[in-house]
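A quick write-up on the structure given underneath.
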Amino acid sequence: MGTADVDELVAPDVKEQLIDLYFEWEQPWHHFVDERLFRDSLLSYGCYSSPLLLLCVLAVGSRYSDRLEVRSDPNDPNTAGRIFLEPAETLLRSDIKSPSITTIQSLGILGIYYVVGAYISFFQFLHLANFFLKSIGSDNLGWLHFGMANRLLIDLGFNLDSTVLTGIGSLEKEEVQLRRQVYWSLYCNDKLWASYTGRVCTMLDSQGAVPLPTTPLSNEMDSGGASALSRSLSHLLRALATHCQILERILMNLYAPKRLALAAEKRGFFESCMFTLKGWYYSLPKELKINTAMRTHDGSPSPHAYIINMVYHTSIILLAKPFLSYGERNAPKFAVPQPGENDDFPQRASAVCLEAAGEICRLAEGYREAFHSFRRSPLTATHCTLTAALVILFVRHENVHSTALQTFTDFGCCMKTV
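Its first residue numbered 1, the sequence shown is counted upward by one per residue in my numbering.
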């Protein structure tokens, strides 16, 4: 199938709308593709687009569209994009034999497609205090495609600093920038996916030597608003990348099979990591920082600015959660201190979790005020909200009666989101 053959699946105007939806809602959070390079290559048959990549973009873009013609079953919204999925998987089988940068991008986007329709079984959530993702395809298929992308990333040397390559095989500046962008996007996706599912991280920071994302090269060729938008996306990717480096430490030290064993080590890690998290938050660019107390934001609010703030507070919960004590019903409660333990540490962990959960709820309210619903938000928002809901349901506050109304309000906010 060639690029022109895609017009046989949907009308050209629908195709353009789906591409626009992809870059408006999906691209800022999963920054797999450079929009300018992709669009230019579509017109010139360049190397930064391919029929496979186009089909993948259209498939995920369809998830943000209400048009019936992008569904395999017009009566089932969950089939949106499936008309592009089958030819994409067919092309992938041949593309994988001679992989390129568009192969890696396509695998990452396909992985997103398989999990983007996730929902929660609420009764399982209440009973098990956990959540189970069910998608339009299979979570295992999403995991498989992410894994293939990560393997090819290393096989093609994306985990190395491309700026030091010299000689005949040296890369163009725009390709160096794109390789860096793809690497960090997959790195972030790996950490977020590990936090969603409880699976181990498969891309470790120590395995790469890639500089952090910078302002994209394409900004130099754009003007005015386009440059501002590109800079904003670059700041978002850099902030998310540096946060996921911290998140990796949390997952590896507190949740991995070979996690820290000694209580003193864990508490020392808690103190140092909390300090690092707060430092990360205070250093956020002003366009990404949202003051929930005053409901203020510098400039026009970005939907993904809300999400990255929700991720920050979710990471705080993940950091404090192992220090909560669990009773017979698996509901966190204050522990009876053991000899030599800090008496107020479980209470402190509970307070930290409750404060973070409340912040997530206030961010969700602000998001709804600005964008009306979470219809087009990334799956990350659902995970953050469910994490907050678990804390609200099961973590006990010292003053139960004075916080009952706020607990009811916050839990109602979570239910609106999911």
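Even glycine gets a Cβ: it sits at the ideal position worked out from N, Cα and C.
A quick note: this is a predicted structure, and the numbers were derived from the prediction, not measured.
For arginine 71, the beta-bridge partners assigned by DSSP are Ala80. Per DSSP, valine 115 is one residue of the alpha helix (DSSP H) stretching across 101 to 115. When secondary structure is reduced to three states using DSSP, serine 44 falls in the helix class. In the DSSP assignment, methionine 310 falls within the alpha helix (DSSP H) that extends over 303 to 320. Two segments are said to touch when three or more pairs of C-beta atoms, one from each, lie closer than 8 Å; by this definition the region 380 to 393 touches the region 347 to 365. The beta carbons of cysteine 188 and cysteine 273 sit no closer together than 8 Å. In this structure, the beta-carbon distance from leucine 186 to histidine 145 does not fall below 8 Å.
About 23 Å separates the Cβ atoms of leucine 58 and lysine 97, ruling out a contact at the 8 Å cut-off.
Judged by DSSP secondary structure, arginine 267 falls within the alpha helix (DSSP H) whose first and last residues are 263 to 282.
Taking the Cβ atoms as the reference, glutamate 271 lies roughly 23 Å from cysteine 201, outside the contact range of under 8 Å. For tryptophan 184, the uninterrupted alpha helix (DSSP H) segment begins and ends at 173 to 197. Residues Phe23 of the same chain have their beta carbon placed closer than 6 Å to that of glutamate 35, with the five preceding and five following residues left out of the count. DSSP places isoleucine 96 outside both helix and strand once states are collapsed to three, so it counts as coil. For a cut-off of 8 Å, the C-beta gap from arginine 376 to tyrosine 114 is around 18 Å, too long to register as a contact. Look at asparagine 159 here: in three-state DSSP terms it is coil, with no helix or strand label.
Between serine 283 and asparagine 150, the alpha-carbon positions lie close to 29 Å from each other. Distance from isoleucine 290 to tyrosine 306 at the Cβ level is roughly 6 Å; contact confirmed, criterion being Cβ atoms closer than 8 Å. When secondary structure is reduced to three states using DSSP, serine 65 falls in the coil class, being assigned neither helix nor strand. Within the DSSP bridge table, the entry for isoleucine 19 names no partner. Setting aside the 5 residues that flank it on each side, valine 391 is surrounded in the same chain by Ile317, Cys353, Leu354 and Ala357, each with a C-beta closer than 7 Å to its C-beta; the list follows chain order. C-alpha of arginine 180 to C-alpha of phenylalanine 38: approximately 16 Å in a straight line. Going by C-alpha positions, leucine 68 is about 8 Å away from proline 77. The beta carbon of asparagine 253 is closer than 7 Å to those of Arg259, Leu260 and Phe269 in its chain, skipping five residues each way along the sequence.
The beta-carbon separation of isoleucine 109 and valine 60, rounded to 6 Å, stays under the 8 Å limit for a contact. Counting along the chain, the unbroken alpha helix (DSSP H) around leucine 354 starts and ends at 345 to 371.
Between serine 162 and threonine 102, the C-beta gap is not smaller than 8 Å, which leaves the two residues out of contact. Here histidine 235 has Pro285, Glu287 and Leu288 as same chain residues with Cβ atoms under 7 Å from its own Cβ, once five neighbours each way along the sequence are excluded.
For histidine 31, there is no enclosing alpha helix (DSSP H), as DSSP gives it neither H nor E. Leucine 53 and arginine 199 have their C-alpha atoms roughly 27 Å apart. A distance below 7 Å between beta-carbons, with the five flanking residues on each side excluded, links tryptophan 280 to the following residues of its chain, in chain order: Thr242, His243 and Ile246. Annotation: leucine 152 to proline 99 spans about 8 Å, alpha carbon to alpha carbon. Per the coordinates, the alpha-carbon of cysteine 56 lies some 19 Å from the alpha-carbon of aspartate 73. Buried is the label assigned to serine 315, since at least 16 other Cβ atoms lie within 10 Å of its Cβ.
Its Cα nearest to that of aspartate 139, the residue Ala194 stands out among Ile104, Leu91, Leu393 and Ala194. Distance from the CA of leucine 160 to the CA of alanine 209, rounded to the nearest whole angstrom, comes to 5 Å.
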